[in-house]
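Undergrad: Sequential numbering from 67 applies to the sequence shown in my numbering. C-beta: ideal position from N, C-alpha, C; glycine also. Shown below is the structure under consideration.
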Amino acid sequence: MKKNKRVGYLIHELVTHPGVSYSSETFCTALDIARSSLSEDLAAAREIIEEIGTGTIETLRGTGGGIRYLPSLNEEGFRRLQQELIRRTEDPQRILGGGYLYTSDFMYDSELIRPMALYFAGCFRHADADYVVTVETKGIALASQVAFMLGLPLVIVRREAKYSEGSTVSINYFSGSYDRIQKMSLAKRAVQPGGRAVIIDDFMRGGGSSKGLAEILAEFDVEVIGTGVAIASKEPAKKKITSYIPILWLDAIDEERRIITARPADYLNPSSLL
67 MKKNKRVGYL IHELVTHPGV SYSSETFCTA LDIARSSLSE DLAAAREIIE
117 EIGTGTIETL RGTGGGIRYL PSLNEEGFRR LQQELIRRTE DPQRILGGGY
167 LYTSDFMYDS ELIRPMALYF AGCFRHADAD YVVTVETKGI ALASQVAFML
217 GLPLVIVRRE AKYSEGSTVS INYFSGSYDR IQKMSLAKRA VQPGGRAVII
267 DDFMRGGGSS KGLAEILAEF DVEVIGTGVA IASKEPAKKK ITSYIPILWL
317 DAIDEERRII TARPADYLNP SSLL
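Given below as C-alpha cells:
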C-alpha cells in the first residue's frame, strides 16, 4: 500500500473500534511495514483526526501499551452543535400542552446524535467506567452511541419490568417532569456488583430520573461516576443531583407567548478532565 492508503486504513480501523488498543505489531503485520513507517503513518492519521475535531490517536509505550482512538468533540464542533440545537429547540411549534417540549425528532436524528455522543465520550473517556446507563426511551439513541464510543456495554433501565429480562429489581422515584411517583426496574443480570457507571439522558428538569437511576444502581453496588444530559432545564435551580454535564440550558418556555429560550452550556475540554 502507498502511504495515503495506509493512513486511510489506520483511520478506518481505529475510528470504527474506538477505545480498542492495538499493538504496533498488529498494524506492521497487516500493512507489511516497519515500525518507523507505522510511526509516520500514525502521526499523519492523528493530525487528520485532530484537525477534523473528532478526537485523537493515543500511543502508549511499554508493557500494556498500544495504539487507540479516543473520540471527543473539539470546541468549534461543540459550538456548531449547540447552535443547531438552539435553532431547533426554540421553534415555537415544539411547545406542547402544559409547557412540555417536543424533542423526539432531533433526539433520534443521527446527524445530531453523533456530535453529542462525541462530546460526552470526550468528557467521560478517562472516567474508568464499566457501563453506560440510561432510562427508556428517548435517551437510548444517544446513550447507545456514547457506549459504542467508550467501548462499554449499554444498560437500559425500564419503566416497567419485562418478562424477557428475567428477575428484576424495581424502585419508585419522584419524577419532576411528570410531577408524580414513577417506577423503574433493572434486570439482575444487567450489571455486576462493584461496577462504575456513567448516566446519559436526553433531558433533565429536576433530576428525579437521574437520582432514581443512581438509587437503583446502588441496589447493585454500582457507583455513578458521571451524568451527561443533552438539555437541562434551568428551573428548578435546585436539582436532585449535584453534578451533571449539559450541552444546552433550557431557560424558559412561555406557553402563552409561544416563546422558548435556550442557551449554550460551557465547553469542557477532555484534557482538563484528566
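Taking 8 Å as the threshold (C-beta atoms), are Ala328 and Glu142 in contact?
TA: No. Outside cutoff.
Undergrad: Between Ser236 and Leu184, how many whole angstroms is the CB-CB distance? I'm expecting something under 8 Å.
TA: Not a contact, Cβ separation roughly 34 Å.
Undergrad: Under the DSSP definition of a beta bridge, which residues are partnered with Met270?
TA: Bridge partners of Met270: Ala298.
Undergrad: For Leu97 and Ser210, what's the separation of their Cα atoms in angstroms?
TA: Rounded to whole angstroms, Leu97 to Ser210 spans 32 Å at the Cα level.
Undergrad: Given this structure, state the Cα-to-Cα distance separating Asp286 from Pro181, to the nearest angstrom.
TA: Looking at the sequence provided, one finds Phe at residue 286 rather than Asp. Cα-Cα distance, rounded: 31 Å.
Undergrad: Looking at C-alpha atoms only, which residue of Met250, Tyr333, Glu321, Leu339 is the closest neighbour of Gly163?
TA: Ranking Met250, Tyr333, Glu321, Leu339 by Cα distance to Gly163 puts Glu321 first.
Undergrad: Please say whether Met270 and Tyr310 have beta carbons closer to each other than 8 Å?
TA: Yes; because the gap between Cβ atoms is below 8 Å, this pair is in contact.
Undergrad: Roughly how many angstroms lie between the CA atoms of Lys204 and Val288, to the nearest whole one?
TA: When rounded, the distance between both Cα atoms is 23 Å.
Undergrad: With respect to the beta strand (DSSP E) encompassing Leu252, which residues constitute its N-terminal and C-terminal limits?
TA: Residues 246-253.
Undergrad: Could you tell me whether the Cβ atoms of Ser230 and Lys254 are closer together than 8 Å?
TA: No, the pair does not count as a contact, with Cβ atoms beyond the cut-off.
Undergrad: Near Ala280, which residues of its chain fall below 8 Å by C-beta distance, leaving aside the five closest residues on each side in sequence?
TA: Answer for Ala280: Ile265, Val290, Ile307, listed in chain order.
Undergrad: May I ask you to report which of helix, strand or coil DSSP gives Pro312?
TA: Residue state, collapsed to three classes: strand.
Undergrad: Rounded to the nearest angstrom, what separates Ser103 and Gly188 at their Cα positions?
TA: Using only the alpha carbons, I get a separation of about 29 Å.
Undergrad: Could you give the C-beta distance for Leu208 and Ala296, rounded to a whole number, given that I count them as a contact under 8 Å?
TA: At roughly 6 Å, the Cβ-Cβ gap stays under 8 Å, so Leu208 and Ala296 are in contact.
Undergrad: Tell me the DSSP secondary structure of Leu167 in three-state form.
TA: Note: Leu167 maps to strand in three-state DSSP.
Undergrad: Candidates Leu151, Thr122, Arg154: which alpha carbon is nearest Asn140's?
TA: Of Leu151, Thr122, Arg154, the residue nearest in Cα terms is Thr122.
Undergrad: Helix, strand or coil: which one does DSSP assign to Arg72?
TA: In this structure, Arg72 counts as helix in the three-state DSSP scheme.
Undergrad: Could you say which of Ala298, Pro302, Val221 lies nearest to Ala256 if we only look at CA atoms?
TA: Among Ala298, Pro302, Val221, the Cα nearest to that of Ala256 is on Val221.
Undergrad: What does DSSP give as the partner residues of Gly132 in its beta bridges?
TA: Per DSSP, Leu126.
Undergrad: For Tyr168, count the other beta carbons within 10 Å of its own beta carbon; 16 or more makes it buried, fewer makes it exposed. Which is it?
TA: Classification of Tyr168: exposed, given that the 10 Å Cβ count is below 16.
Undergrad: Near Gly292, what residues of its chain come up, given a Cβ to Cβ distance below 6 Å and the 5 sequence neighbours on each side ignored?
TA: Correct list, in chain order: Phe190, Ala193, Val264.
Undergrad: Using 8 Å for Cβ pairs, my map puts Phe172 next to Gly294. What's the rounded Cβ distance?
TA: Contact doesn't hold; Cβ gap of about 16 Å is too wide.
Undergrad: Tell me, to the nearest whole angstrom, how far the beta carbon of Arg262 is from that of Asp196; I am working on the premise that it is less than 8 Å.
TA: With 8 Å as the limit, Arg262 and Asp196 qualify as a contact, their Cβ atoms being about 5 Å apart.
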